[in-house]
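Asker:
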Amino acid sequence: MTQDEAVAGEGVEHPPGTRPEGQSENGVAVAFGRQLKLLRTRAGLDRVEFGKRVGYAAQSVASFEQGRRVPQPGFVDKADRVLEAGGLLVALKEELARSQYPAFFRDAARLEAKAVALCVYGLYAVPGLLQTADYARAGFQQERPLLDDEVIEQGVSARLARQEIYDRRPAPLLSFIVDEAVLRRPIGGRPALHGQLEQLLRLGRKRNVEVQVMPLDREDHAALGGPFTLIDTAQGQRIAYAEVQGDSRLYTGLAAVRELEARYGIIRSQALTPRESSEFIEKLLGEK
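If you read the sequence shown in my numbering, its first letter stands for residue 283, the second for the next number, and so on.
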């Protein structure tokens with residue numbers, strides 16, 4: 283059974299995955315890098331000259347060829363044209379995009395990118411789809427065991443790439459509920475938090491986006507078990523995704539999905555409205 287069939291199968295729960303950083307190489311990136319080097323060598327270009335033609339430093343080209351970094355889609359397109367690869371490199375672009383995410387998140391990332399609607403609850407940190415680069419980088423820098431700088435930057439790039447969902451047409455409906463404690467925790471320092479709060483306000487103004495805050499003074503809270511996401515597919519299926527401490531699961535079983543649906547519906551009613559939430563975030567921005 284393929285992964286797509288498994289995700290579509292009723293009652294299937296994907297087992298916990300593990301982070302690949304420091305544990306195994308990115309096989310897709312390594313294969314792409316070998317192909318890139320072969321084509322560059324065949325074209326008679328050294329890394330410096332090739333880098334000039336595609337707009338990248340020779341050091342970056344080396345990282346791509348060695349599979350240490352996942353290139354952005356723009357690089358893949360340019361490299362394919364410059365090296366007259368006839369689409370050989372472009373054919374790997376989608377797999378490259380998926381491979382930049384931790385193994386445990388790749389299926390969820392694929393579903394997220396094509397979703398018609400998302401409901402996201404953030405309890406421990408600002409959800410990735412709302413994060414600024416500074417906030418995301420600070421989160422990766424605090425990972426233990428420590429990540430290499432290159433891995434951190436790749437993680438930041440991958441996280442920001444997910445935010446292309448805001449430019450999709452037709453626009454998906456996006457609902458976010460974020461715990462107040464998350465908005466007060468200065469991950470990355472006060473300037474990073476300030477920029478993150480401003481980002482929440484900007485994104486919350488989009489017509490297809492709702493951002494709600496779950497205030498700390500609520501006596502009732504229906505989702506203290508942890509963050510989760512509800513994903514609506516174009517095929518009319520709703521899938522739930524939950525993650526904690528590197529363990530993750532995709533839930534397609536009706537009972538499990540309905541349980542999380544019910545929790546989201548309740549906390550949506552317990553949280554501040556989108557308008558109240560915007561006013562609350564503006565108030566936080568004014569605090570010193």
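Even glycine gets a Cβ: it sits at the ideal position worked out from N, Cα and C.
Grab the span of the alpha helix (DSSP H) containing E558 for me, first residue to last.
Answerer: P556 to G568
Asker: Classify D359 as helix, strand or coil using the three-state DSSP reduction.
Answerer: helix
Asker: Distance check for S551 and R484, CA to CA, integer angstroms please.
Answerer: 23 Å
Asker: Rank R392, R426, G368 and P452 by C-alpha distance to the C-alpha of A379 and give the top, closest one.
Answerer: R392
Asker: Return the CA-CA distance between G333 and P355, expressed in angstroms with no decimal places.
Answerer: 15 Å
Asker: Need the endpoints of the alpha helix (DSSP H) that L378 sits in, please.
Answerer: K375 to S381
Asker: Note down the Cα distance separating E541 from Q519, rounded to an integer number of angstroms.
Answerer: One C-alpha to the other measures close to 15 Å.
Asker: Between the alpha carbons of I549 and V433, how many angstroms are there, rounded?
Answerer: Cα atoms of I549 and V433: separation of roughly 35 Å, rounded to the nearest angstrom.
Asker: Assign T323 to one of two classes, buried (16 or more other C-beta atoms within 10 Å of its C-beta) or exposed (fewer than that).
Answerer: T323 should be labelled exposed.
Asker: Checking the sheet assignment: what are the DSSP bridge partners for D529?
Answerer: Paired residues: V526.
Asker: Kindly list the residues whose CB is nearer than 8 Å to the CB of S345, restricted to its own chain and excluding five residues on each side of it in sequence; keep chain order.
Answerer: R351 and E432
Asker: Around the C-beta of A524, are 16 or more other C-beta atoms found within 10 angstroms, so that it is buried, or is it exposed?
Answerer: The C-beta of A524 has 16 or more other C-beta atoms within 10 Å across all chains shown, which makes the residue buried.
Asker: Can you give me the start and stop residues for the beta strand (DSSP E) that L512 sits inside?
Answerer: F510 to D514
Asker: Quick one: residues in its chain with C-beta nearer than 6 Å to the C-beta of S457, no 5 flanking neighbours on either side, listed in chain order?
Answerer: C401 and E492
Asker: Report the partner residues of R467 according to the DSSP bridge assignment.
Answerer: DSSP, once it has assigned bridges, lists no residue as partnering R467.
Asker: Does DSSP put D416 in a helix, a strand or coil?
Answerer: Taken through DSSP and simplified to helix, strand or coil, D416 comes out as helix.
Asker: Rounded to a whole number of angstroms, what is the C-alpha to C-alpha distance between D514 and G535?
Answerer: 14 Å
Asker: Could you give the C-beta distance for L442 and A415, rounded to a whole number, given that I count them as a contact under 8 Å?
Answerer: 6 Å
Asker: DSSP on R550, reduced to helix/strand/coil?
Answerer: helix
Asker: Measuring CB atoms only, is the region 311-323 touching the region 357-372, in the sense that at least three cross pairs come out at less than 8 Å?
Answerer: yes
Asker: Of the choices E558, R329 and V539, whose alpha-carbon is the least far from that of A522?
Answerer: V539
Asker: Rounded to a whole number of angstroms, what is the C-alpha to C-alpha distance between L554 and Q481?
Answerer: 18 Å
Asker: Check Y403 in the structure and name its three-state DSSP category.
Answerer: DSSP, read as helix, strand or coil, puts Y403 in strand.
Asker: Need the endpoints of the beta strand (DSSP E) that L456 sits in, please.
Answerer: L455 to D461
Asker: Considering Cα atoms alone, identify which of F357, A311, G337 and E366 is closest to G326.
Answerer: The residue from F357, A311, G337 and E366 with its alpha-carbon nearest to that of G326 is E366.
Asker: Between F314 and G349, is the Cβ-Cβ spacing less than 9 Å?
Answerer: yes
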